[in-house]
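Participant: One structure coming up, written as C-alpha cells, with questions to follow.
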Amino acid sequence: MATITVDGQEIQTKENALLIEELLANNINIPHFCYHPSLGKDGNCRMCMVEIEGKKRPQIACDTPVVDGMVIRTKGEKIDRVKRSILELELINHPIDCPICDQAGECSLQNYYMDVGLYESRLSTPKTHGKKHVDLGANVVLDQERCVLCTRCVRFTKNITKTNELGVLNRTDHSVITTFPNQPLSNAYAMNVVDLCPVGALTSKDFRFHKRVWFLKPDEAICNGCARGCAIYVDHHKAKYESDAIFRYRPRFNNNINGYFICDFGRLSYKQENENRNSLPSIRGKESEYEYSMMKILRLLKHNYGKMTFLISASLSLEEMFVLKKMSYKYDAYLSGYGYVYDESFGDDFLKVNELSINRKSQVFLGINTEYEELEARIKSSELIVLFGRDDVDAFAFEDKTIICFNDALPKEKEKFDVYLPIKTHTSKEGTYINCDGYIQYSKSHVETNNDTKSLLELVAFYCEDSHVEPKNVWDEGLQEIMQGITFEDIQIESIKMDIK
Ligand code: SF4
Ligand code: SF4
Ligand code: FES
C-alpha cells in the first residue's frame with residue numbers, strides 16, 4: 001500500500017498502480033479520453049494531466065505509477081489552465097453540434113468543457129471538415145468531425161476482438177478513423193465501440209435519433225440471450241399517453257461475467273422484449289380476457305388433479321422454478337425441466353455460449369428432473385400438460401391432451417393450446433439467475449406491461465392460494481434455507497459464485 005496526498009487529502013492506494021486508476025477508484029474526477037480500464041493506457045489525448053510535487057511539468061495520470069508519499073493536485077489555476085488548453089486543441093475542429101448529437105447528455109467532451117473549458121473559440125481560420133456519416137458496418141456510424149482520435153475503438157478491435165477492422169488514416173488534423181478496404185466492422189461485438197467512444201463520433205444505427213438519453217430510465221438487469229447472463233442496463237422510457245418501451249440495452253460492468261462488454265446479438269435482443277410484452281391471452285387460438293383465461297386454467301387444474309405434467313423452461317427465474325416445484329406438489333403433478341435451448345453455432349471463445357437457456361444451473365441446483373424416459377411415461381398417463389415459459393409443443397407426442405401454455409412470447413401456433421396465458425417478460429419482472437459458470441445474479445428491471453399481464457410468481461401464488469408474489473417473499477418462505485448461506489440482500493449488490501455440480 002502507498003499513501004498519497006490528492007488536493008490536500010490523504011488517500012490509501014496500491015503502490016505502483018496506475019495513478020489514474022487509483023484516482024478514479026477514489027471518485028476523483030480526472031478527465032480522460034484514451035485511457036479505458038479494459039484497454040489500458042495509450043497516452044495520446046493528454047487530458048489526464050495532474051500536477052505532481054517535485055516534477056517540473058504536469059504529468060499524465062494514465063502513465064504515472066503511484067509512489068508512496070506523492071503529493072498531487074488535480075485542480076487549481078495552473079492545472080486547470082493546462083486542461084483547458086488541451087481541450088481547446090481537442091475541440092479546434094470540432095463541429096460543436098451537440099444539440100443534434102446522440103451522445104449529448106453522456107458525452108465526456110461536453111462534460112469536460114463544462115468543468116474546465118468554458119472558453120470562446122479563438123479560431124479565425126476555417127475548420128477542417130470531415131465526413132458526417134460514414135457507415136462502418138455492423139450498425140455503427142462514424143462522424144469524423146466529432147472524433148478526438150483517442151483510438152479506443154481501434155484498440156478494441158485490436159486487443160479485445162482481435163479482428164483489426166479499424167485504423168487511423170492520414171496525419172495531423174486530417175487523421176480519421178477508418179475501416180480497412182473490404183473489411184467492414186462486422187465482428188459479433190462491434191457495437192461495443194459505441195459505448196467505448198467517449199464522444200459522439202461513433203453512434204449506433206439502431207439507437208441514434210430515437211430518444212434523448214436523459215429521458216431514459218436505466219434498470220439493472222441481465223441479458224437473456226444465452227447462459228452467460230451478461231450484466232446489462234435496460235434503458236426504457238414511458239412517454240405520456242404511450243406504452244413503456246425499451247430503447248436499448250447497454251453493458252453493465254461485472255468483473256466476474258462480462259467485464260465491460262456484451263455481444264451485439266444480446267444488445268439487440270431488446271426488440272423481442274418490446275414485441276412480447278404486448279401479447280394477449282387466447283383460448284384455442286381465439287383472443288380472450290385475461291381474468292377469464294386465468295379462471296379457466298384454475299378449473300382445468302382442479303379437474304385434472306393428479307393427472308398432469310408440468311414442463312418448465314430452463315430460462316425461468318430461480319424463484320419461479322422454486323414455486324413451481326411447490327405447485328407441482330399441490331396439484332400432484334409430475335414436474336420436468338427436460339429440454340433446454342442449445343445452438344452449437346452461437347458460442348465463441350469470448351462471451352457467447354451455445355447454451356441459450358439462461359438458467360439451467362438453477363434447475364440443477366433445485367434438483368428438477370430433466371430425464372426424457374420418465375417424462376415420456378408421465379406424459380402418456382397425463383390428461384393435462386402445462387407448459388411454463390415455453391411453447392415447444394411439437395417436440396412431444398401430446399396427441400389429444402389438454403394443453404395450457406404460460407409464456408412470455410406469443411406462441412407461433414397459439415391454436416395448439418387450449419389456453420395460452422401471457423406472463424410478464426424477462427425485463428418486466430425481477431428474479432434470480434445462475435449463469436453457465438455458476439454465478440448467481442439478480443435482475444431488477446421493471447419495464448411496465450401495457451396490459452393486464454401478471455408475472456408467473458403472481459399466477460402461481462393465485463393457483464396455490466399463496467402470498468409469494470415477489471422474489472423476496474419466495475426467499476423468505478423457504479428458498480433462503482437452501483441457498484448455501486447467500487442472502488437475498490447479498491445478490492442485490494454483486495454476483496456470487498455458487499457451488500453447483
Ligand atoms: S471514433 Fe470515438 S473511440 Fe474512435 S478514436 Fe474517435 S473518439 Fe475515439
Ligand atoms: S453473450 Fe449471451 S448473455 Fe451476453 S450479451 Fe450476448 S447473448 Fe446476452
Ligand atoms: S487518458 Fe491519459 S493521456 Fe489520454
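Residues in the sequence shown are numbered consecutively from 1, following my numbering. Using N, Cα and C, we set each Cβ at its ideal position, and we do this for glycine too.
Would you report the Cα separation of GLN492 and THR128, rounded to the nearest angstrom?
Facilitator: Looking at the two C-alpha atoms, the distance is approximately 49 Å.
Participant: Can you tell me where the beta strand (DSSP E) holding HIS237 begins and where it ends?
Facilitator: Where HIS237 is concerned, the enclosing beta strand (DSSP E) stretches over 231-238.
Participant: For THR432, name the three-state secondary structure that DSSP assigns.
Facilitator: Three-state DSSP puts THR432 in a strand.
Participant: Would you check if the distance between the CB atom of GLU458 and the CB atom of VAL447 is smaller than 7 Å?
Facilitator: Not in contact: GLU458 and VAL447 (Cβ atoms no closer than 7 Å).
Participant: Rounded to whole angstroms, what's the CA-CA distance from TYR334 to ILE486? Just pull it up for me.
Facilitator: Between TYR334 and ILE486, the C-alpha separation is close to 29 Å.
Participant: Write down the C-beta distance between ILE92 and ALA61 rounded to the nearest angstrom, noting that I regard them as a contact closer than 8 Å.
Facilitator: Wrong, their Cβ atoms sit about 23 Å apart, outside the cutoff.
Participant: Taking 6 Å as the cut-off, does the CB of CYS62 come closer than this to any heavy atom belonging to ligand 3?
Facilitator: Answer for CYS62: yes, Cβ within range of ligand 3.
Participant: If you check the beta carbons only, do PRO422 and GLU319 fall under 7 Å apart?
Facilitator: Not a contact, by the Cβ cut-off of 7 Å.
Participant: Is DSSP giving ILE30 helix, strand or coil here?
Facilitator: Residue state, collapsed to three classes: coil.
Participant: At which residues does the beta strand (DSSP E) containing MET49 begin and terminate?
Facilitator: Note, MET49: beta strand (DSSP E), 49-52.
Participant: How big is the Cα-Cα spacing for GLU494 and ASN26?
Facilitator: Roughly 19 Å between the two C-alpha positions.
Participant: Suppose contacts are defined by Cβ-Cβ distances below 7 Å. Is ASP206 in contact with ASN139 by that definition?
Facilitator: In this structure, ASN139 lies closer than 7 Å to ASP206 by Cβ.
Participant: Among the residues of its own chain, which have a CB less than 6 Å from the CB of THR64, if the five just before and after it don't count?
Facilitator: The residues are LEU19.
Participant: For ligand 3, is there any heavy atom lying closer than 6 Å to the beta carbon of HIS36?
Facilitator: No, the Cβ of HIS36 stays beyond 6 Å of every heavy atom of ligand 3.
Participant: With C-beta atoms as the reference, is ARG248 less than 7 Å away from ASP235?
Facilitator: Going by C-beta atoms, ARG248 is nearer than 7 Å to ASP235.
Participant: Would you grab the beta carbon distance between SER269 and SER313 for me? Rounded to a whole angstrom, and I think it's under 8 Å.
Facilitator: Their Cβ separation, rounded to whole angstroms, is 16 Å, which puts SER269 and SER313 out of contact at 8 Å.
Participant: Closer than 7 Å between the C-beta and any heavy atom of ligand 4: which residues qualify, listed along the chain?
Facilitator: Absence of ligand 4 is noted for the structure shown, with ligand 1, ligand 2 and ligand 3 being the only ligands found.
Participant: Name the one or two DSSP bridge partners that LEU387 has.
Facilitator: Bridge partners of LEU387: LEU311, CYS405.
Participant: Is the beta carbon of THR172 closer than 7 Å to that of ASP102?
Facilitator: Taking 7 Å as the Cβ cut-off, ASP102 and THR172 do not qualify as a contacting pair.
Participant: Flag ILE246 as yes when its Cβ comes closer than 6 Å to any non-hydrogen atom of ligand 2, and as no otherwise.
Facilitator: No, the Cβ of ILE246 stays beyond 6 Å of every heavy atom of ligand 2.
Participant: Assign PRO411 to one of three DSSP states: helix, strand, or coil.
Facilitator: The answer is coil: DSSP assigns PRO411 none of H, G, I, E or B.
Participant: Alpha carbon to alpha carbon, how far is VAL11 from THR74?
Facilitator: First, the amino acid is wrong: residue 11 is Ile here, not Val. Cα to Cα, ILE11 sits roughly 14 Å from THR74.
Participant: To the nearest angstrom, how far is the alpha carbon of ILE403 from that of VAL364?
Facilitator: Distance between the alpha carbons of ILE403 and VAL364 is about 26 Å.
Participant: Apart from the five residues on each side of it in sequence, which residues of its chain come closer than 7 Å, Cβ to Cβ, to GLU415?
Facilitator: The answer, listed in chain order, is ARG284, GLY285.
Participant: Judging by CA-CA distance, which residue of LYS211, ALA17, VAL71 is the nearest neighbour of MET1?
Facilitator: Nearest of LYS211, ALA17, VAL71 to MET1, Cα basis: ALA17.
Participant: Would you check if there are 3 or more beta carbon pairs closer than 8 Å linking the region 343-355 to the region 174-182?
Facilitator: Not touching, per the Cβ criterion.
Participant: For SER315, tell me which candidate among LEU384, PHE388, SER382 has the shortest Cα-Cα distance.
Facilitator: SER315 has its Cα closest to that of PHE388, out of LEU384, PHE388, SER382.
Participant: Rounded to a whole number of angstroms, what is the C-alpha to C-alpha distance between ILE496 and SER328?
Facilitator: Their backbone Cα atoms lie some 29 Å apart in a straight line.
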